[in-house]
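J.: The sequence shown begins at 152 in this note's numbering and counts up one residue at a time. Heads up, the beta-carbon is just placed ideally off N, CA and C, and yes, glycines get one too.
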Amino acid sequence: MNAHAYTRAADLLPLMTQRILVLDGAMGTMIQRYKLGEADFRAERFAAHPKDLKGNNDLLVLTRPGVITEIHEQYLAAGSDIIETNTFGATSIAQEDYAMPELAYEMNVAAARLAKAACERFSTPEKPRFAAGALGPTPRTASISPDVNDPGARNVDFEQLRAAYLEQARGLLDGGCDLFLVETIFDTLNAKAALFALDELMEETGERLPVIISGTVTDASGRVLSGQTVSAFWHSVRHAHPIAVGLNCALGASLMRPFLEELAQAAGDTPISCYPNAGLPNPMSDTGFDETPEITGRLVGEFAQRGLLNIAGGCCGTTPEHVAEIARQVGRYQPRPNALFSTLLAEAEAEA
Numbered sequence: 152m153n154a155h156a157y158t159r160a161a162d163l164l165p166l167m168t169q170r171i172l173v174l175d176g177a178m179g180t181m182i183q184r185y186k187l188g189e190a191d192f193r194a195e196r197f198a199a200h201p202k203d204l205k206g207n208n209d210l211l212v213l214t215r216p217g218v219i220t221e222i223h224e225q226y227l228a229a230g231s232d233i234i235e236t237n238t239f240g241a242t243s244i245a246q247e248d249y250a251m252p253e254l255a256y257e258m259n260v261a262a263a264r265l266a267k268a269a270c271e272r273f274s275t276p277e278k279p280r281f282a283a284g285a286l287g288p289t290p291r292t293a294s295i296s297p298d299v300n301d302p303g304a305r306n307v308d309f310e311q312l313r314a315a316y317l318e319q320a321r322g323l324l325d326g327g328c329d330l331f332l333v334e335t336i337f338d339t340l341n342a343k344a345a346l347f348a349l350d351e352l353m354e355e356t357g358e359r360l361p362v363i364i365s366g367t368v369t370d371a372s373g374r375v376l377s378g379q380t381v382s383a384f385w386h387s388v389r390h391a392h393p394i395a396v397g398l399n400c401a402l403g404a405s406l407m408r409p410f411l412e413e414l415a416q417a418a419g420d421t422p423i424s425c426y427p428n429a430g431l432p433n434p435m436s437d438t439g440f441d442e443t444p445e446i447t448g449r450l451v452g453e454f455a456q457r458g459l460l461n462i463a464g465g466c467c468g469t470t471p472e473h474v475a476e477i478a479r480q481v482g483r484y485q486p487r488p489n490a491l492f493s494t495l496l497a498e499a500e501a502e503a
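1. Around the C-beta of Arg487, are 16 or more other C-beta atoms found within 10 angstroms, so that it is buried, or is it exposed?
2. Using a 10 Å radius around the Cβ and a threshold of 16 neighbouring Cβ atoms, would you call His155 buried or exposed?
3. Applying the 10 Å Cβ sphere with the 16-neighbour rule, what's the burial state of Asp209?
4. Secondary structure at Ala154, three-state DSSP: helix, strand or coil?
5. Can Leu204 and Glu189 be called in contact, C-beta distance under 8 Å?
6. Which residue marks the beginning of the alpha helix (DSSP H) containing Gly217, and which one marks its end?
7. If we ignore side chains and look at the alpha-carbon of each, how far apart do Tyr484 and Leu174 end up?
8. Would you decide whether Thr275 is buried or exposed? Buried here means 16 or more other CB atoms lie within 10 Å of its CB.
9. What is the DSSP secondary structure of Cys425, reduced to helix, strand or coil?
10. Do you know how far the Cα of Pro297 is from the Cα of Asn153?
11. Per DSSP, Phe281 is paired with what?
12. Within 10 Å of its beta-carbon, does Gly464 have 16 or more other beta-carbons around it, so buried, or fewer, so exposed?
13. Considering only the beta carbon of each residue, do Met258 and Ala241 sit closer than 8 Å?
14. Within the continuous alpha helix (DSSP H) that includes Leu163, where are the two ends?
15. For the alpha helix (DSSP H) that contains Ala405, what are its first and last residues?
16. Could you check the C-alpha separation between Asn399 and Thr369 for me, to the nearest Å?
17. Looking only at its chain, what residues have a beta carbon closer than 6 Å to the beta carbon of Glu442, apart from the 5 residues adjacent to it on each side?
18. Hey, how far is the Cα of Ile295 from the Cα of Ala283?
19. So Pro290 packs on Asp248, CB below 8 Å; how close in whole Å?
20. Give the single residue among Leu376, Ile336, Thr339 and Leu323 whose Cα lies nearest to the Cα of Leu543.
21. What does the alpha-carbon distance come out to for the pair Ala404 and Ala455?
22. Where do the ends of the alpha helix (DSSP H) carrying Thr339 lie?
23. Determine the contact status of Asn489 and Gly397, defining contact as a CB-CB distance below 8 Å.
24. Please work out which residues of its chain come closer than 6 Å, Cβ to Cβ, to Glu472, disregarding the five sequence neighbours upstream and downstream, and give them in chain order.
25. With 16 other CB atoms within 10 Å as the buried threshold, where does Met167 fall?
26. Using the three-state DSSP reduction, which class does Glu195 fall into: helix, strand or coil?
27. Would you kindly report the start and end of the unbroken beta strand (DSSP E) that includes Ile336?
28. Check the DSSP bridge columns for Val396 and list the partner residues they point to.
29. Tell whether a beta-carbon distance below 8 Å holds between Ser243 and Ala262.
30. Using three-state DSSP, classify Ile295 as helix, strand or coil.
31. Taking its Cβ as the centre, do 16 or more other Cβ atoms sit within 10 Å of Asn300, making it buried, or is it exposed?
32. Look at the alpha carbon of Glu358 and the alpha carbon of Ala177, and state the distance between them as a whole number of angstroms.
33. Within 10 angstroms of its Cβ, does Tyr426 collect 16 or more other Cβ (buried), or is it exposed?
34. Name the DSSP beta bridge partners of Phe440, please?
35. Hey, is Val396's beta-carbon within less than 8 Å of any beta-carbon in chain B?
36. Which one or two residues does DSSP pair with Ile462 in a beta bridge?
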């Protein structure tokens, strides 16, 4: 898949040959700074909803869109090239926890419009900005039993996931997102349902958007929760021809390096992304995590110095201050070369 096949964000891959691109940081961490209460999540529209809504961050694109826009703009001002839509849990499956599954499509349309509008306000010819439609893992897993006494039990299947992701992706596409980000993957079967849905949607609509795939290593064993090593994970999803593959969340940068190195070696023909947590959780910290912007920036900068990165950002516990420091550090280094870039440059020379 080359850049010329994309109907949106066709200039994203050429930019990745020039510099390491910067992703935004944590949405949830920033929402916590606003100290929103139940009334903020409900607004007038959902005042009589029968279930508590505080904590349903995805709903804020409908009830407090100004807050989400401010957060997007803070990350863009910090130097983000790519910002994620506030849709990590905006699937009908995840929204069942709040008795709001019917709102999934509307949430995704609204979220994509907010992110895209913010990008347009900050974009310049020298530094275009991109809105990534975020597809989270859902709170259910297709590979692991929720009942320790029944290993074969499942609370979701592939078809349910595919349908939920298709609805979400359609909303993101209709709302104007530039690319898709399938992220925080702890179960590769869930991710394959998302990738199947994206392929189905793009085949149906004729739109072709870049896709980034990002897994999460859950412990020092270097495996995703469903049991795969990082290399096995890559070989399970490489058929989707992502514009980048990477790791996010979980261990933080200091413990993530060996697994990122393994992924970079396995995926030699594909750009690498990384957006770690700000270290390990610490409830005594202002952000809930240990690392200051300087620490996270230095650690991610070391990844760039070692030639591991094409896209860098932050996950849980990171803020615009973290992203600004990450941008400063990775800006000193060249992006990781790979076969995809070589193909793109050869095509450009042939056209010239």
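T.: Taking the coordinates as given:
1. buried
2. Since pLDDT at His155 reaches only 49, below the 50 mark, its modelled position is unreliable, and no value is offered.
3. Buried, by the Cβ-count rule.
4. Note that Ala154 scores 44 on pLDDT, short of 50, meaning its location in the model is unreliable; the coordinates nonetheless yield the value given after this. When secondary structure is reduced to three states using DSSP, Ala154 falls in the helix class.
5. yes
6. Pro216 to Ala228
7. 16 Å
8. exposed
9. strand
10. Reliability fails at Asn153, whose pLDDT of 44 lies under 50, so the model's placement of it is uncertain and the value that follows must be treated cautiously. Taking the straight line from one Cα to the other gives about 41 Å.
11. Ile233
12. buried
13. yes
14. Leu163 to Gln169
15. In the sequence as displayed, the identity of residue 405 is Ser instead of Ala. Membership of Ser405 in the alpha helix (DSSP H) is indicated by the continuous run Ala404 to Ala417.
16. 10 Å
17. Ala429 and Gly430
18. 29 Å
19. Correct: roughly 7 Å between the Cβ atoms.
20. In the structure as shown, the chain starts at 152 and stops at 503, and residue 543 therefore has no counterpart that could be examined.
21. 12 Å
22. Thr339 to Thr356
23. no
24. Taking C-beta separations shorter than 6 Å and ignoring five residues to either side along the sequence, the partners of Glu472 in its chain run Pro444, following chain order.
25. The C-beta of Met167 has 16 or more other C-beta atoms within 10 Å across all chains shown, which makes the residue buried.
26. If DSSP states are grouped into helix, strand and coil, Glu195 belongs with coil.
27. Leu330 to Ile336
28. Ile364 and Ile423
29. no
30. coil
31. exposed
32. 28 Å
33. buried
34. Pro432, per the DSSP bridge assignment.
35. In summary, chain B is missing from the structure at hand, where a single protein chain is found.
36. Leu172 and Ser424
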